[in-house]
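Using this note's numbering, you'd call the opening residue of the first sequence number 0 and step up by one each time. In what follows, a structure is listed as structure tokens, so that the remarks can point back to it.
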Amino acid sequence: MLAEVYLPLPLNQTYTYRFKEGETQFGCRVSVPFGKRKLTGFVVNVKEDQETDFEIKEIIKSVDKTPIFTSELLDTAKWMSKVYIASVGQILSMMIPSGRRESESALFSAEESFTPIKMLSEEQQSALDEINNNPGETFYLYGVTGSGKSEVYLRAAEEVIRQGRKVIYLVPEITLTHQLLSDISLRFSNRVALLHSALTPSQRLKHWHKIINGEADIAIGARSAVFAPFKDVGLIIIDEEHENSYKSGQTPRYHARQVAQKRAVNMHSTLVMGSATPSLEAYLSMKKGAMKRLDLKTKVAGGAEAKVKIVNMLKESRTISKELEEEIRSALHDRAGVILFLNRRGYTNYYHCNSCGHVEECPNCSIALTYHKSSERMVCHYCGYSTPLVSHCSKCGSHDMSVAGFGTERVEEEAGKLFPSARIARLDTDVASGDKEKVKKTIEDFKKGEIDILLGTQMVAKGLNFPRLRLVGVILADSTLSVPDFRSEERTFSLLEQVKGRAGRYRDDGRVVIQTYRVDDNAIKAVRDQKVAEFYENELEIRKSLGFPPFTRLVALTLRSRNEDSVRKASDELYLLLERVISKSGYSDVYVIGKNPCIIYKKASNFRYQILLSGENFIHLNTIVKVSLERYHTPSNIYIEIDVDPLSLL
DNA sequence: AGCACGCCGACT
DNA sequence: GTCGGCGTGCTC
Ligand SMILES: [Zn+2]
Ligand SMILES: [Zn+2]
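Here's what the structure looks like:
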């Protein structure tokens with residue numbers, strides 16, 4: 000018998016091997032000789048012996064006795080290979096666990112806990128009915144924090160499982176807590192598989208087998224759980240749809256939302272996404288009617304919309320303004336919890352006007368210009384536009400301009416001085432990756448009221464819920480606003496809105512103080528004035544006029560090498576090739592936005608250049624990139640990374 | 001992606 | 001004379 004095998008190499012073809020009948024079958028991993036090497040490949044077809052014009056080698060052994068992937072997953076892999084421009088073998092080796100033996104350790108332990116039977120609100124019930132009565136459709140649960148989205152997801156899941164079908168439940172890594180797993184595990188009588196990046200290969204294999212052996216009804220996890228090898232999925236849930244962590248940071252840089260959409264088509268699954276702050280992509284899709292919007296407007300657990308105050312930092316000399324100080328004092332007095340939210344300082348310094356807060360933008364792309372110290376110029380990292388460092392503000396004419404932004408140390412120091420008797424603790428993602436126990440304790444202490452002020456980054460803005468929390472102070476909203484990215488307004492809006500949701504999660508007296516130099520910014524004002532629809536509509540208009548997603552698609556090609564001259568040369572060559580291929584193709588919608596040194600020019604002793612392309616028609620754009628890269632003979636010391644629909648361009 | 005083969009420059 | 005640089009080509 001012969002087996003056609005995909006290998007984990009950038010070669011988009013199968014290789015044929017001989018095997019003894021019964022030794023392996025479709026869907027199994029096999030160990031095979033390839034040149035002088037031994038590789039693990041994936042059997043995607045078996046056939047009778049036949050004459051071939053090449054020599055055929057024998058399989059070393061079959062890693063699996065029974066299939067580890069389905070034909071539907073193979074179809075998804077082939078689709079991904081086209082969309083993300085990677086070989087099928089690379090896609091398969093990314094989605095299928097590499098473990099060879101199942102882990103001995105228990106999958107996870109559910110702690111017995113009392114979960115009261117929750118009554119659904121009218122809104123929740125009608126959303127649930129809508130989902131249950133329209134299998135195979137796509138829905139968006141658009142609801143504020145605390146509106147009870149999770150309960151709707153879980154009821155919909157129960158219904159699908161009752162019908163004998165399976166469920167995939169995606170949550171952002173950060174919300175994948177032990178508590179959530181425990182709850183889900185109890186609710187679905189342990190017929191749950193867990194898939195996320197922190198599992199070891201053998202643990203991953205164990206959960207994967209649980210699915211294949213029919214011992215799980217629901218797979219829960221972060222991004223990679225979208226590949227759960229169920230044969231018949233009735234429902235795919237994507238909670239917090241707007242989260243960037245659904246996009247893979249490594250090649251192949253897939254987006255779990257896109258993969259979910261493909262698998263939902265394959266298996267006629269219902270797709271339910273949800274968030275309080277949809278991505279602009281999702282918002283446009285709802286607007287066009289491609290997915291049905293289901294609103295959840297009331298908070299089921301009580302709690303009212305937090306009051307938002309914007310503080311102009313231009314008049315302040317300290318990092319904690321007078322107004323924020325007052326609010327903190329009042330909260331401390333009432334023994335209510337305070338979180339001070341600091342964005343991780345951007346990768347770039349941004350130059351701003353000290354009189355009006357204005358940040359200079361690219362005239363072509365409207366993204367913040369970055370300051371290059373060496374050349375004393377302001378540069379656009381999208382299109383390459385550059386201008387000498389301006390001496391006066393283009394908005395108000397003031398000559399008082401400087402580099403802005405402040406670090407966490409300074410805030411911590413000032414908070415300590417202002418509130419000497421308050422107990423202050425720090426919590427950020429950097430700390431989280433190092434010492435999990437310490438983070439857990441910090442959170443517990445804050446919950447119990449043993450910590451008064453929590454100073455944190457991203458982490459405290461998402462996922463965590465504290466009934467004690469009354470005040471959130473955003474130290475400087477400008478730091479997300481001034482990231483040189485066309486999504487900076489959207490990100491700022493989303494972050495502030497999430498922060499606001501945290502403050503008003505359980506209480507009626509929640510407060511948010513946003514400190515900024517840009518008091519007129521759309522995102523900030525929209526959060527304060529609850530002008531959500533207006534914000535989205537306005538942002539869509541801007542994207543449309545500038546030709547950015549969701550009205551176009553982008554592809555970023557990043558070239559890197561240890562040799563500075565060769566990357567620069569290679570990026571010039573590839574750029575010219577792309578231009579040639581585009582003009583020959585006749586696709587008038589596709590163009591190269593720019594070819595530039597990356598914002599992070601040197602990373603891990605590699606020099607980096609980026610070529611950014613845009614196209615209205617994705618097939619056109621994809622074809623241009625694929626053809627150009629096939630035609631381009633990449634020098635051996637250069638590595639090219641392809642990012643389709645990039646979310647971050649650093 | 002690796003790994004071999006192969007063809008020219010500068011070294012014991 | 002050989003050691004080693006990396007361009008080219010192949011792997012069932
Ligand atoms: Zn100004
Ligand atoms: Zn530009």
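From the three backbone atoms N, C-alpha and C, an ideal C-beta is built for every residue, glycine too.
Beta-bridge partners of residue i, as assigned by DSSP
i: N595; result: Q609
i: P32; result: K37
i: Q89; result: Partner(s): none; Q89 has no beta bridge.
i: D451; result: BP columns for D451 are empty, so no partner.
i: A414; result: Beta-bridge pairing links A414 to no other residue.
i: H371; result: R376
i: I309; result: I513
i: I656; result: Only positions 0 to 649 of the chain appear in the structure, and residue 656 is not among them; the question remains open.
i: D294; result: Y141
i: P387; result: R376
i: C352; result: M400
i: S582; result: Paired residues: none, contrary to the question.
i: E3; result: T15 and N44
i: I641; result: L556
Distance cut-off 7 angstroms: residue i Cβ against heavy atoms of ligand 1
i: K314; result: no
i: H398; result: no
i: C352; result: yes
i: C597; result: no
i: H267; result: no
i: K372; result: no
i: H357; result: yes
i: K209; result: no
i: S394; result: Looking at the sequence provided, one finds Lys at residue 394 rather than Ser. Answer for K394: yes, Cβ within range of ligand 1.
Per-residue burial, residue i [other beta carbons within 10 Å of its own, 16 or more giving buried]
i: D644; result: buried
i: V402; result: exposed
i: P419; result: exposed
i: N133; result: exposed
i: H208; result: buried
i: M266; result: buried
i: A300; result: exposed
i: E239; result: buried
i: H632; result: exposed
i: Y14; result: buried
i: N636; result: exposed
i: I618; result: exposed
i: S575; result: Here the sequence assigns Leu to residue 575, which means Ser is not the residue at that position. L575 should be labelled exposed.
i: P96; result: buried
i: E121; result: exposed
i: I130; result: buried
i: P362; result: exposed
Residue from the options with nearest C-alpha to residue i
i: G21; options: L38, Q12, N11 and T65; result: T65
i: S582; options: S188, L539, I599 and S627; result: S627
i: R467; options: G448, G163 and Y381; result: G448
i: E325; options: P251, S181 and R510; result: R510
i: I639; options: I95, I84, T276 and E496; result: I84
i: L8; options: P251, Y245 and E242; result: P251
i: K35; options: S481, K56 and K117; result: K56
i: E443; options: G455, V624 and F465; result: F465
i: G472; options: V358, R559 and G336; result: G336
i: V498; options: V307, N311 and S635; result: V307
i: L341; options: L38, V512, K261 and N353; result: V512
i: L295; options: A126, V566 and E101; result: A126
i: V531; options: V264, E489 and Y505; result: E489
i: G40; options: Q12, K602, D74 and F53; result: Q12
i: C355; options: R517, V232, T174 and L10; result: R517
i: L179; options: A281, S149 and Q162; result: S149
i: L270; options: S244, V225 and S201; result: V225
i: I59; options: R28, A555, E496 and V580; result: R28
Any non-hydrogen atom of ligand 4 within 7 angstroms of residue i CB
i: A424; result: The model on display carries ligand 1 and ligand 2 but not ligand 4.
Around ligand 2, Cβ to any heavy atom closer than 5 angstroms, ordered along the chain: That gives C361, N363, C364, C379, Y381, C382 and Y384.
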